[in-house]
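Take 1 as the starting number for the sequence shown in my numbering and just add one per residue. Right, one structure below, let's go through it.
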Amino acid sequence: TVCPTGALYKEDGLTRLDRTKCSGCTYCVDACPFGVPKMYEERSSKCDGCAAVVKAGGEPWCVKTCPSHALMYGEREEILAEAKTRLATLQKRYPNARLYGETEAGGLGVIMVLPDEPGAFDLPANPQIPLSVTAWQKVVQPFSLAMTGLSIAVTGVAAVIARRNHVQEVKRLHAAVDNRTVDGEAVDSETGEREERAA
């Protein structure tokens, strides 16, 4: 995924989102060819497929409540078999009907039976991550990480040099103070001797 913080991850064939890890960078919004993630309260947001319900053995609410039973949830092979059966029936009435998600983008987590071309439903015919995001992920992001590492290294070297210079300056100042004290004691002792002679 394009997510630099790991907030997006794959589970049960679906892309899930951990909003607590989201940095609000909007890479996922820019990269998704389907326009699924949206920004909400400065963090990415998307359907999680009712993950908690599914983990407890249930079905996503949309599947459970669909009055026409158009939605299914389960193993990909079972869903593909049912989708192909529905497609054969649908093609009798809609000759342009097709499956969407079986092979697109390497196979999607959602399979759809469409009665017409994907464009009629605002779906990309050949979904791909935009080149700008790919370039960012493969070139700019690694370069910026390298530059960050270099900056940290240069800062570390500068800190060591500054510390060394500070220690040398402190030693020099202590030496100067010690010399003044010695000179001052010599003057005091001379003054003291002079005072004794005068008395």
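The beta-carbon is built from N, C-alpha and C at its ideal position, and this holds for glycine as well.
- Between D116 and Y94 a beta carbon distance of about 7 Å is seen, short of the 8 Å cut, so the two are scored as contacting.
- Going by C-alpha positions, C47 is about 8 Å away from R16.
- Counting only residues of its own chain and dropping the five nearest sequence neighbours on each side, E42 has a CB closer than 8 Å to the CB of G24.
- By a beta-carbon distance limit of 8 Å, C3 contacts C28. Their separation comes to about 6 Å.
- By the C-beta criterion, the region 78-94 is judged to be in contact with the region 109-126, since at least 3 inter-stretch pairs fall below 8 Å.
- R172 and D18 have their C-alpha atoms spaced approximately 57 Å apart.
- E82 sits in a helix when the DSSP states are folded into three classes.
- Around the Cβ of G49, a 10 Å sphere holds 16 or more other Cβ atoms; the residue is buried.
- About 7 Å separates the Cβ atoms of A7 and S44, confirming a contact at the 8 Å cut-off.
- DSSP, read as helix, strand or coil, puts K46 in coil.
- Check the Cα spacing between I129 and each of F34, R164, P67 and E75: the tightest is with F34.
- Setting aside the 5 residues that flank it on each side, G106 has no residue in the same chain whose C-beta is closer than 8 Å to its C-beta.
- Annotation note: the region 90-157 contains the following uninterrupted beta strand (DSSP E) runs of length 3 or greater, listed N- to C-terminal: 98-100 and 112-114.
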